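In my numbering, the protein residues as written are 0 to 407.
C-beta: ideal position from N, C-alpha, C; glycine also.
Note that this is a predicted model, so its numbers are computed, not measured.
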Ligand SMILES: Cc1cc2nc3c(=O)[nH]c(=O)nc-3n(C[C@H](O)[C@H](O)[C@H](O)COP(=O)(O)OP(=O)(O)OC[C@H]3O[C@@H](n4cnc5c(N)ncnc54)[C@H](O)[C@@H]3O)c2cc1C
């Protein structure tokens, strides 16, 4: 008997792949069509800037499911399949290849793309970005020992790339326009420690550095800075953030504001949903709209959307969590950076493992965990529960965080 309804998911990245799985698991019995522009099946991106570049891991090491999974679960996956246009009125979409599909439920999981620089020479061969497995595959051969690599941007991707390129013996210069690394995400103290770790690894880290142009004959050979100086470069990687792929939604008439606007069930209206990096959801815990570019959001939002699609809506939200790995540093962040009244340090930064809490009144609103991932669960409970905590207890390594999370 033919399926009566079709759920079409546009974007076969982490969020799109997880949506297909949750729909099936939670009881969608009809057709699921998963359309992705990339030639690869859904995969997680975090390894791309880490072990794929530092250790020669398979660029698809983060693939979500084995190849047989799609057929076994009745998910029609189409790779290299770009959706060009949506018609919300007659519930159809047009493919770049010329076909047309109808949908009853539409999920947009179009993610982000790397932000590009608009400066002279930005289109020279050898000036690259990192977003996809193909990008990682193209970058890796250039990370040869002794190669002069210039990284533009001291965000998560640029810093992870600095660590990976250094591990391969490259001579790395990292240019950051702001006076601090990861200014919008990290407490000043943690940013300073991270900067120090990069410098100790041999990275020529230049904060407050202005960029003028990329130069070269047929391929990038140098980077010219705002002060007129020149840095020789065999490879440049631009890591200045990502921009949400909203054009498809916008052209179809969906409301967008740096992300497709959705409610706390990931619903954009009617039977149209959006989730993952491309969406700005009304977060039930933060109590406001937020666009998150994180692995965890791409894992959890699909569960919420699937529940809503299947008629069991539960508001989605929680304390945002991000992590990064650089050298011997695993850094985890809970909460979004905001002005805090007080910082509380737990542990000794000299030991390489510590926590830094940001407090508003007696409530912890942010936490940076440096090589202290084991404490993530209780810290999350403290923040999520909006518990009033005694700063002295928080700072005392002999007071178990589990105890404080129970309100004790
Ligand atoms: C190098 C790298 C390292 C990262 N490391 C971390 C980390 O350590 N920790 C962390 O929390 N997060 C990390 N992230 C972020 C995390 O990977 C993203 O938040 C996550 O991938 C978002 O998933 P998504 O499915 O929403 O978007 P994406 O993964 O971007 O997937 C969207 C997909 O949609 C496709 N698409 C777009 N438009 C169309 C269209 N019109 N038709 C068909 N297909 C389309 C795209 O080609 C893409 O395949 C990292 C990201 C990168 C790039």
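Inset, instruction - Label residue 391 either buried or exposed according to how many other C-beta atoms from any shown protein chain fall within 10 Å of its C-beta, with 16 as the threshold for buried. - result: exposed
Legend entry - Cβ neighbour criterion (16 or more within 10 Å) applied to residue 36: buried
Inset, instruction - With a threshold of 6 Å, establish whether the CB of residue 321 neighbours any heavy atom of ligand 1. - result: yes
Legend entry - Distance between residue 315 and residue 393 (C-alpha atoms, nearest Å): 29 Å
Legend entry - Spatial distance of residue 400 from residue 321 (CA atoms): 20 Å
Inset, instruction - Indicate the three-state DSSP secondary structure (helix, strand or coil) for residue 123 in the structure shown. - result: coil
Inset, instruction - Determine the direct distance from the alpha carbon of residue 323 to that of residue 346, and round the result to whole angstroms. - result: 20 Å
Legend entry - Residues of its chain near residue 45, where Cβ-Cβ distance is below 7 Å and the 5 sequence neighbours each way are ignored: 61 and 294
Inset, instruction - Starting from residue 141, follow its DSSP beta bridges and name the residues at the other end. - result: None; residue 141 has no bridge partner.
Legend entry - Alpha-carbon spacing of residue 40 relative to residue 296, whole angstroms: 19 Å
Inset, instruction - Can you tell me which of 201, 385, 206 and 188 puts its alpha carbon nearest to the alpha carbon of residue 355? - result: 188
Inset, instruction - Tell me whether residue 300 sits in a helix, a strand or coil according to DSSP, three-state version. - result: helix
Inset, instruction - Confirm the yes/no value for this check: CB of residue 30, any heavy atom of ligand 1, distance under 6 Å. - result: no
Legend entry - Length of the line joining the Cα atoms of residue 151 and residue 84: 34 Å
Legend entry - For residue 90, the residue or residues it bridges with in DSSP: In the DSSP output, where bridge partners are listed per residue, residue 90 has none listed.
Legend entry - Cβ-heavy atom distance, residue 417 to ligand 1, below 6 Å: The requested residue 417 is not part of the displayed model; the chain covers only 0 to 407.
Inset, instruction - State the DSSP-derived secondary structure class of residue 364, mapped to helix, strand or coil. - result: strand
Inset, instruction - Starting from the C-beta of residue 388, find all residues in its chain whose C-beta is less than 7 Å away, skip the five residues before and the five after it, and write them out in chain order. - result: 361, 363, 381 and 403
Inset, instruction - Please report how far the alpha carbon of residue 359 lies from the alpha carbon of residue 285, in whole angstroms. - result: 15 Å
Inset, instruction - Go to residue 404, then tell me how far its alpha helix (DSSP H) extends in each direction, as first and last residue. - result: 400-404
Legend entry - Neighbour-count burial assignment, residue 252, 16 or more Cβ in a 10 Å radius: exposed
Legend entry - Three-state secondary structure (DSSP) of residue 21: helix
Legend entry - Residue environment, residue 178, which counts as buried when at least 16 other CB atoms sit within 10 Å: exposed
Legend entry - Cut-off 6 Å between Cβ atoms - residues of its own chain near residue 184, not counting five sequence neighbours on either side: 336
Legend entry - residue 136 versus residue 58 - alpha carbon distance: 7 Å
Legend entry - residue 300 versus residue 9 - alpha carbon distance: 15 Å
Inset, instruction - May I have the straight-line CA-CA distance separating residue 157 from residue 331, to the nearest angstrom? - result: 17 Å
Legend entry - Secondary structure of residue 373, DSSP reduced to three states: helix
Legend entry - Option nearest residue 250 by Cα separation, candidates 92, 222, 182 and 132: 92
Inset, instruction - Give the straight-line distance between the Cα atoms of residue 239 and residue 129, rounded to the nearest whole angstrom. - result: 10 Å
Legend entry - Proximity test, residue 38 beta-carbon vs ligand 1 heavy atom, cut-off 6 Å: no
Inset, instruction - Run the proximity test for residue 370: is its beta-carbon closer than 6 Å to any non-hydrogen atom belonging to ligand 1? - result: no
Inset, instruction - Ignore the nearest five residues each way along the sequence and tell me which others in residue 53's own chain have a CB closer than 6 Å to its CB. - result: 163 and 166
Inset, instruction - Please say whether residue 371 and residue 352 have beta carbons closer to each other than 7 Å? - result: yes
Legend entry - Beta carbon of residue 202 nearer than 7 Å to that of residue 213: no
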